[in-house]
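So the structure is just underneath, and the comments pick up after that.
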Amino acid sequence: MPGVSLRDLTRRYGDVAAVDRLSLEVKPGELVALLGPSGCGKTTTLRLVAGFLAPEAGEIWVGDRCLSSPATVVPPERRRMAMIFQSYALWPHMTVAQNVAYGLRFKRDLTAADRQRRVAEMLRVVQLAGYEARYPGELSGGQQQRVAVARALVVEPEILLLDEPLSNLDANLREEMRFEIRRLHEAFGITTLYVTHDQAEAMVISDRIAVLERGRIAQVGTADEVFLAPRTRFVAEFIGKTNLVDGVAVGADTVAVGPLRLRVAGAGLVPGARVAVSIRPHDIALIAADGASIGVNALRGTVQRASFLGDSVDYQVRVADGDVVLRVSAPTGQRRRAGEVVGLSIDPAACVPLAANEEPSQ
Amino acid sequence: MSRVLAEDLARAGVPRRWAGLDRALPVWASVLLALVFLMALPIGWLVWMSVGGAAGVTPRHYLAVLHDPALMKALWNTVVLAFWAGLASIAVGAPLAWLTARTDLPGKGLIRSLVLASFVTPPFLGAFAWVMLAGPNAGLLNVLWRDVTGAADPLVNIFTMPGLVFVVTIYTFPYVYIMVANTLALIASDLEEAAAILGAGRLAIARTVTLPMVLPALVSGFILAVLQALALFGSPAILALPAGFHTITTQIWALFQYPPKVEMAAAVSMPLLLATALLLLVQKRLLGRRGYAAVGGKGGQRRPIPLGAWRYPALLGALVVMACAIFLPYGVLAKAAFARAWAQPLTWSNVTLGNVTFTFFEYGATQAAVLNTLELGVATATIGAVLVALLSYVTSRRLILGHQLVAFLALAPIVIPGVVLAVALFIAYTRPPFVLYGTLAILFVAYLTKEMPVGYAQSEATFRTIPPELEDAGRILGAGRLRILRDVTAPLARSGIIAAWCFIFIGVIRELSASIILFTPNTKVMSVVIFDLKEEGHFGAIAVLGIAMLLLTFATVALVQRVLGRDVLGVRE
């Protein structure tokens, strides 16, 4: 089971670099999600890996085979990969069994009986036994999805590519299929690249997440790492809700935001440097105003708006002595009203300093 | 960059060219070569011939055309004919389209079928029929008129410019109908209801909402009708020549009569060619500019507008149009086919199968012509279908650099009127290295070129409905491009390609305007024989052959409807 290595991949459309010097190592058996908003280059990256596109610069290696370089591109059919498409791309004129068996036609060493056995086996794995003779048009969206999965897995690919495979399903089914895909990945252990724009999906399914911004990788890490320690503004904002507070470093671990002082996680800030601090709404504690001391990471503010969301309350709090408005997500137990003065307490570990410049770093 | 744009770009040009053209390259190369053969060579020769002289480039032929009053008169007649036929087509086609698309007119399905019938009826057959109906002396309508009123003068004379406009219009109005009906069918009722809730009355809605939205379709239908009228040869030849005037197409044909003046014909062809190209350009601009969200949208229901007391008068009006286009002509053709004398009442003593036996067994040219037509029809349709399938595959999948040029070339023959094409082919293929004149091959080339745009459009639409992911999915599983073509693309495109075959076949069996210039005694086709029979005044035989042609056409149309599951006009239910 080889891994995949993308080295300085570049692919332009006209003047726009859809993929810009992108490098990524996917370990053998690992599932990496390419996560990013529309137009960040994630689908282009996937199509480069599949061999549908040729890179203008850079290389793609699988194990010790160089599959793509500006000079030569191994065509898709000789890459020993499989791909699951957003539209599923099931062939409407073939039955479920024919769809699934298609890739096996190109495996010369298999007997007809082998093929049949493997198709039946795979359909059982995706819980579609008994649907062999149906046509895709006669299946529900979720069932079509499973056929697409079976068709990709039955050929035992070295690399599996998924292009937003769940985006056509309704919300409930999507959640169920997330766990299903993760289960199949654990069962088969195929090295997988998974393209999505849905951060929750990426967090559930993948071993690691590569966040893409404008054709480059903004950050690679486990779900914990990218959520708890985002490295750039873009990553902090894209993965979950967050408050971004702009300030100036006044010490190795202290940031000044106007008259306020925030102690932040980690150390090593250069005093005088501009710093943005990311604070997740649920990491801010609301306390009664009278008991609150004002000081480092302890602020006072006025509730501007309180929205009851069922399992939590979303507050918008304007901090006194500063031009800062924070979103706070608090438990429903102690309700505050608009206009009320409250104290805010923030754990320094939850204050993540970000590089202030917009340039994504690798 | 939006996701859609990125995806589009991802499919564009360069990547696929790298990703695996492999063994398919020779196929694409030969297709391109075929395009050059069919288009570039003849048109190149045509242009060259129109300016060529012993001493290089000369405007001599154009000056000769300008100074020849007869030629200028023919040009003017063509303008008059095309303009009035275009206007009349709107006057007939647009109301019919509105009635069938938006109102509760009874018998909408029937009217639609009849419009389709008019669309596929060879116009020259209609012209023959109307000679029998409205010829000044023996025309049945005029005879009836004299009998009923006792008048000495005929009611109508079809051998006039208005007569010609009339006969052209009844077979070109379907172009307006198709454009308008398809557009109307896409305008959701809520757009009109939005105006109604704001206080607009019926008429105000029609004027401020509906009409502006269909205007591009209306104008573009007008242009298509004008183009059709410009390019027609049969109807003017049958109606204008006896009346003593020429149109540009009959004039070009006349220039080919012995002794042929090829250079003059080439020079007269150029204005026709340019006018056609210009009009199509305008039409494309018009349609390209429509940013009407509703046109092409799916949302919104379409509720038929109640006609109230006007239902039956409206139906009657529609049926009158259809009587002119279908009932009367078909009726008189049927009568002529089975009558000893077509002008006499259809009594038992007047009924005969003699015309049929004469046409198929006694008249010398028929059997060979029918055989030629079928042979050419099948050959052109088959090779044409393969060609347009390959072309549209290349362009819809953007397989090669310059795929836009290929698409342009495939559609380009639409600007070439049949007569002009024939002149060009005559010039190009009567000289070495390619001497095709006098063989069926030159007719084949003419038909293939002429029918390619229709086939290409059909086949391109087919490939657009097959998402490229279906092919990608097979590639990544191990199938090469050609294998995917066989396993995935071909089965999915099959019905669309069969439809393209049928469209080409229908076009070929009715073709007259190019055939009339390119045929030789050994290479006559059905339409040419019909034209010959006119010279001999053999209306019974004309009717028999015409009906045979119609039967062949309708059988093919039925096949298309079966294969596509919709009617040829593309009008939605």
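For the record, the sequence lines run as chains A and B.
Heads up: the first sequence at position 360 corresponds to 359 in numbering that gives the first Met the number 0, and the numbers run straight through without jumps.
Heads up: the second sequence at position 41 corresponds to 40 in numbering that gives the first Met the number 0, and the numbers run straight through without jumps.
Each residue gets a CB set at the ideal place from its N, CA and C atoms; glycine is no exception.
Alpha carbon to alpha carbon, what distance is there between A53 of chain A and F118 of chain B? 48 Å
Neighbour list for G479 of chain B in chain A, Cβ cutoff strictly below 8 Å: P74 and E76
When you check each C-beta in the region 87 to 114 of chain B against every C-beta of chain A, which residues fall closer than 7 Å? none
Near-chain B residues of the region 306 to 333 of chain A - C-beta to any C-beta below 8 Å: none
Beta-carbon proximity of L163 of chain B to A423 of chain B, cut-off 7 Å: no
Same chain only: Cβ atoms within 7 Å of G149 of chain B, ignoring 5 sequence neighbours per side: none
Does DSSP put D206 of chain A in a helix, a strand or coil? coil
Nearest to E510 of chain B by CA position, among B:I304, B:W347 and B:T120, is which residue? B:T120
V99 of chain A vs R133 of chain A beta-carbon contact at 7 Å: no
Going along chain A, which residues have a C-beta under 7 Å from V487 of chain B? W90
How long is the line joining the alpha carbons of A133 of chain B and F82 of chain B, rounded to whole angstroms? 23 Å
Does any residue of chain B have a CB that is nearer than 7 Å to the CB of V154 of chain A? yes
Between the Cα of T578 of chain B and those of B:V524, B:E459 and B:I496, spot the shortest distance and give me the residue it belongs to. Not covered by the structure: residue 578 of chain B. The range shown for chain B is 0 to 572.
So is E468 of chain B in contact with chain D if we call contact Cβ pairs under 7 Å? Going by chain labels, chain D is absent from the structure shown, which instead holds the protein chains A and B.
Under a Cβ-count criterion, where at least 16 other Cβ atoms within 10 Å of its own Cβ denotes burial, should I546 of chain B be classed as buried or exposed? buried
Tell me the rounded alpha-carbon separation between G309 of chain A and P36 of chain A. 28 Å
Report the rounded CA-to-CA distance for A239 of chain B versus A203 of chain B, giving the unit in angstroms. 43 Å
F187 of chain A CB to nearest chain B CB: under 7 Å? no
Cα-Cα separation, L67 of chain B to L517 of chain B: According to the sequence provided, residue 67 of chain B is Asp. The question's Leu does not apply to it. Going by the C-alpha atoms only, they are around 25 Å apart.
Using the beta-carbon count (16 or more within 10 Å), is P91 of chain A buried or exposed? exposed
Show which residues of chain A have a CB atom less than 7 Å away from the CB atom of P490 of chain B. H92
Of the listed residues A:L243, A:D169, A:G265 and A:P347, nearest to G294 of chain A (C-alpha basis): A:P347
Per DSSP, which one or two residues make a beta bridge with D245 of chain A? A:A275
Distance check for L332 of chain B and Y311 of chain B, CA to CA, integer angstroms please. 29 Å
Quick one: what does DSSP say T99 of chain B is sitting in, helix, strand or coil? helix
Step through the CB atoms of chain B and report whether any lies within less than 7 Å of the CB of A96 of chain A. no
Apart from the five residues on each side of it in sequence, which residues of its chain come closer than 6 Å, Cβ to Cβ, to V499 of chain B? At residue 499 of chain B the sequence reads Ala, which differs from the Val that was named. If we look at A499 of chain B and ignore the five residues flanking it on each side, its Cβ neighbours are A384, V387, G454, Q457 and S458.
Residues of chain B with CB under 8 Å from D101 of chain A, in chain order? Note on identity: in this sequence residue 101 of chain A is Tyr, with Asp being the wrong assignment. Residues of chain B passing the Cβ test: G473, L476, A478 and D486.
Would L127 of chain A and R145 of chain A qualify as a contact pair, given that the criterion is a beta-carbon distance under 7 Å? yes
Taking contact to mean 3 or more Cβ pairs, one atom from each stretch, closer than 8 Å, check whether the region 345 to 359 of chain B and the region 154 to 173 of chain B are in contact. no
Answer with yes or no whether the minimum CB distance from M121 of chain A to chain B is below 7 Å. no
Let me know if N181 of chain B comes out buried or exposed under the rule of 16 or more other beta-carbons within 10 Å of its beta-carbon. buried
Do you know how far the Cα of Y61 of chain B is from the Cα of A368 of chain B? 37 Å
Evaluate contact between the region 177 to 192 of chain A and the region 24 to 34 of chain A, counting only Cβ atoms and requiring at least three cross-stretch pairs below 8 Å. yes
Return the chain-ordered list of same chain residues with a C-beta closer than 7 Å to the C-beta of Q227 of chain B, the five sequence neighbours on each side being excluded. T171 and Y174
I'd like to know whether the C-beta atoms of V210 of chain A and A217 of chain A end up nearer to each other than 7 Å. yes
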